[in-house]
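Residue numbers (full-length UniProt numbering): 1 to 767.
Glycine is no exception: its CB is placed at the ideal position from the N, C-alpha and C atoms.
As the structure is a computational prediction, the values presented were derived from the model and not from experiment.
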């Protein structure tokens with residue numbers, strides 16, 4: 001995925017953070033000045049980093065290319081690909097330094113666009129007219145001009161898409177600054193505008209006299225006490241102004257995005273330009289292009305021959321997520337209709353027809369195996385039963401019929417998968433009993449097949465009757481979600497053991513590898529007990545429905561375990577009164593964090609880091625001073641790895657490149673699912689009947705790595721009862737305030753040695 005860095009430049013208070021907040025769909029402005037987001041533009045995905053920069057960060061006294069600040073809040077500023085220059089229409093002081101800024105950006109040969117913020121303000125409160133400002137000579141180097149407001153967040157996304165297209169084209173060398181027809185058109189446009197300055201887009205520095213004159217001309221704009229008559233912001237649509245930039249040639253109404261949208265002429269205009277401003281042929285093309293995908297097209301792709309990795313991924317994503325827009329009966333009927341169509345087609349060769357039928361049958365078999373709850377309702381089960389009856393009469397399909405029969409009789413039960421919002425009609429108990437009787441009376445041709453004779457067939461991973469394989473050292477190998485679910489239910493924390501000096505000595509004597517292995521074993525069991533659909537259900541259902549969804553207990557259990565480990569780490573460090581004893585525990589946890597990183601257990605690593613970097617532990621300067629510098633240095637790398645900079649960029653890169661087995665940092669992936677779920681609609685189109693598959697592609701990019709990770713268990717993790725009791729069985733305080741008070745008692749801000757004070761309160765679990 002190609003990445004771009006876009007600078008959001010403006011004076012203090014113009015709304016840079018608010019702009020980023022609306023782009024990311026956050027409930028509050030971002031804390032960091034660097035935020036990352038994944039954007040799909042023109043069927044291509046890009047990773048965008050938005051850098052918020054105040055105008056005070058720049059030196060604008062010279063006409064040279066812009067000098068970017070070297071650091072932002074201690075972090076190195078990356079190479080910038082494009083810039084959005086913001087100003088506040090209600091504050092004329094915010095435009096004072098814009099000409100110098102744009103001149104520096106122009107000298108840097110960098111795409112830039114002008115953005116007017118707070119355009120929802122009534123005209124009597126405005127001090128700057130955005131239309132008049134955009135047409136001013138000093139701002140002709142801007143590729144486009146946007147007017148954004150809090151009432152129209154779609155303009156923010158349109159603005160970002162436009163600057164991204166400009167950055168992509170600029171990187172690929174598509175800027176029309178070469179000589180030729182475009183150059184002649186540019187010269188004519190400059191002549192018509194009476195421009196006497198050198199071409200700023202050609203990369204030549206602007207002369208000192210030109211720069212001074214620009215500042216002088218700009219002083220005329222400071223008299224904008226109120227906006228003059230112009231085109232106001234209406235209905236939340238951005239009005240792009242006519243462009244006369246040297247980067248854009250041709251007619252006065254053409255923009256840079258119009259000229260070089262792509263390498264071909266078939267997509268000359270950007271989707272951001274209103275239809276009425278385009279030529280007739282472009283209007284026809286826009287009318288023919290509709291948002292979303294019909295359900296039938298998705299079914300056709302599901303049953304088509306996979307030709308790429310994307311097609312294989314589509315199969316997994318579709319079966320996992322289709323319940324958000326279709327019921328199982330609807331999908332099964334569509335599949336049977338296509339199977340009948342293939343069977344009745346006389347123009348297709350027999351072998352080709354058979355191969356297609358086998359592929360469709362295989363799809364149904366995998367569907368029934370992966371999500372048996374989809375067939376729990378009477379009508380759909382009856383249809384599947386009839387389908388199996390038909391297959392059993394054909395010898396070439398008998399093996400597939402037998403496998404589906406086994407899944408139907410053993411695993412098709414009412415579960416959380418049955419009761420999605422898009423579900424088949426509920427059935428009464430009598431009808432279900434009748435169907436169960438019918439399933440036991442399948443044709444002799446099917447029941448006569450001997451299951452045990454097929455040595456090549458392995459047991460289904462979803463079977464409930466699989467036995468656990470117990471190896472040496474108490475190692476337990478689990479096979480199914482049911483096995484993991486039963487094991488995860490035994491991992492709820494208890495408080496039957498006192499946390500005292502005896503536990504401290506046990507903890508110190510246990511090897512770091514043993515503690516890291518047991519933490520990873522617990523995390524793996526909890527992670528594997530969660531079905532993929534549970535992640536989607538956890539971010540889709542309202543709170544009232546989550547309580548009745550039993551499968552979400554596993555998601556909540558893993559979240560609670562994350563918090564439990566973080567507080568357990570803090571309690572263990574604060575257990576002893578002397579700093580030298582606390583330092584031993586702190587250094588041991590730092591080494592355990594390194595082991596967790598080597599095991600690719602990012603969830604456990606983040607939990608340990610949360611405990612060490614919490615307020616109660618982070619303030620222990622005397623304790624941290626006793627830890628070896630080498631350990632501090634190694635631990636600092638882990639802090640950077642799991643840091644929030646650039647939307648956890650370091651972790652995301654490590655996660656994508658980590659070999660299996662691995663355990664994800666679940667809070668972050670859950671947040672990604674929330675953003676994808678809440679950021680887009682499921683249905684789009686004029687009639688709201690077309691599926692917004694782009695949304696499900698984003699959800700799939702989060703879910704597919706989780707699916708892949710669950711399929712590769714850790715091979716050599718043995719159960720360690722002593723470590724497990726130490727992690728889950730100790731009685732400890734979970735109140736953040738009590739933990740912080742304990743931190744103050746053992747190492748006060750003004751104390752010299754952290755010695756025990758006679759009047760201090762006893763730690764709650766030491767009472």
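Since residue i contacts residue j with CB under 8 angstroms, what's their CB separation in whole angstroms?
{"i": "residue 522", "j": "residue 484", "result": "12 angstroms between Cβ atoms; not a contact."}
{"i": "residue 768", "j": "residue 700", "result": "The structure shown does not extend to residue 768, since the chain spans only 1 to 767, so no value can be given for it."}
{"i": "residue 733", "j": "residue 571", "result": "7 angstroms"}
{"i": "residue 10", "j": "residue 55", "result": "7 angstroms"}
{"i": "residue 361", "j": "residue 400", "result": "5 angstroms"}
{"i": "residue 704", "j": "residue 669", "result": "Wrong, their Cβ atoms sit about 11 angstroms apart, outside the cutoff."}
{"i": "residue 59", "j": "residue 33", "result": "Not confirmed; about 19 angstroms, so no contact."}
{"i": "residue 514", "j": "residue 716", "result": "Between residue 716 and residue 514 the Cβ distance is about 13 angstroms, and since that is not below 8 angstroms, they are no contact."}
{"i": "residue 682", "j": "residue 324", "result": "6 angstroms"}
Please determine whether the Cβ atom of residue i lies at a distance below 7 angstroms from any heavy atom of the ligand MG.
{"i": "residue 582", "result": "This structure does not include the ligand MG; it has no bound ligands of any sort."}
How should residue i be labelled, buried or exposed, when 16 other C-beta atoms within 10 angstroms of its C-beta is the threshold for buried?
{"i": "residue 824", "result": "Nothing about residue 824 can be reported from this structure: the residues present for the chain run from 1 to 767 only."}
{"i": "residue 200", "result": "Caution applies to residue 200, whose pLDDT of 39 falls short of 50 and renders its modelled position unreliable; the model cannot decide the point."}
{"i": "residue 710", "result": "buried"}
{"i": "residue 152", "result": "buried"}
{"i": "residue 337", "result": "exposed"}
{"i": "residue 672", "result": "buried"}
{"i": "residue 747", "result": "buried"}
{"i": "residue 507", "result": "buried"}
{"i": "residue 130", "result": "buried"}
{"i": "residue 739", "result": "buried"}
{"i": "residue 372", "result": "buried"}
{"i": "residue 545", "result": "exposed"}
{"i": "residue 385", "result": "buried"}
{"i": "residue 646", "result": "buried"}
{"i": "residue 547", "result": "exposed"}
{"i": "residue 472", "result": "Caution is warranted here: a pLDDT of 35 is assigned to residue 472, below 50, making its placement in the model unreliable, and no coordinate value can be reported."}
{"i": "residue 494", "result": "exposed"}
{"i": "residue 638", "result": "buried"}
{"i": "residue 310", "result": "exposed"}
With distances taken between CB atoms, is the gap from residue i to residue j smaller than 8 angstroms?
{"i": "residue 490", "j": "residue 601", "result": "no"}
{"i": "residue 680", "j": "residue 695", "result": "yes"}
{"i": "residue 423", "j": "residue 291", "result": "no"}
{"i": "residue 86", "j": "residue 117", "result": "yes"}
{"i": "residue 573", "j": "residue 562", "result": "no"}
{"i": "residue 481", "j": "residue 537", "result": "no"}
{"i": "residue 37", "j": "residue 24", "result": "yes"}
{"i": "residue 650", "j": "residue 640", "result": "yes"}
{"i": "residue 488", "j": "residue 529", "result": "yes"}
{"i": "residue 127", "j": "residue 92", "result": "yes"}
{"i": "residue 134", "j": "residue 82", "result": "no"}
{"i": "residue 596", "j": "residue 516", "result": "yes"}
{"i": "residue 635", "j": "residue 593", "result": "yes"}
{"i": "residue 540", "j": "residue 330", "result": "no"}
{"i": "residue 359", "j": "residue 305", "result": "yes"}
Which residue or residues does DSSP assign as beta-bridge partners of residue i?
{"i": "residue 3", "result": "47"}
{"i": "residue 168", "result": "DSSP lists no partner for residue 168."}
{"i": "residue 38", "result": "47"}
{"i": "residue 145", "result": "114"}
{"i": "residue 52", "result": "8"}
{"i": "residue 671", "result": "None, per the DSSP bridge assignment."}
{"i": "residue 683", "result": "691"}
{"i": "residue 498", "result": "731"}
{"i": "residue 71", "result": "76"}
{"i": "residue 84", "result": "8, 113"}
{"i": "residue 601", "result": "663"}
{"i": "residue 698", "result": "In DSSP, residue 698 forms no bridge with anything."}
{"i": "residue 293", "result": "691"}
Hey, is the segment 382-392 in contact with the segment 344-351, meaning 3+ C-beta pairs nearer than 8 angstroms?
-> no
Segment contact, 8 angstroms Cβ cut-off, at least three pairs: the segment 96-107 with the segment 128-146 | yes
On the three-pair Cβ rule with 8 angstroms, is the segment 111-127 touching the segment 151-166?
-> yes
Quick check: the segment 678-698 against the segment 572-589, are there 3 or more CB pairs under 8 angstroms?
-> no
Tell me, please, whether the segment 716-730 touches the segment 606-618 by the rule of three or more beta-carbon pairs shorter than 8 angstroms.
-> no
Please confirm if the segment 653-670 is in contact with the segment 617-633, defined as three or more CB-CB distances below 8 angstroms between the two stretches.
-> no
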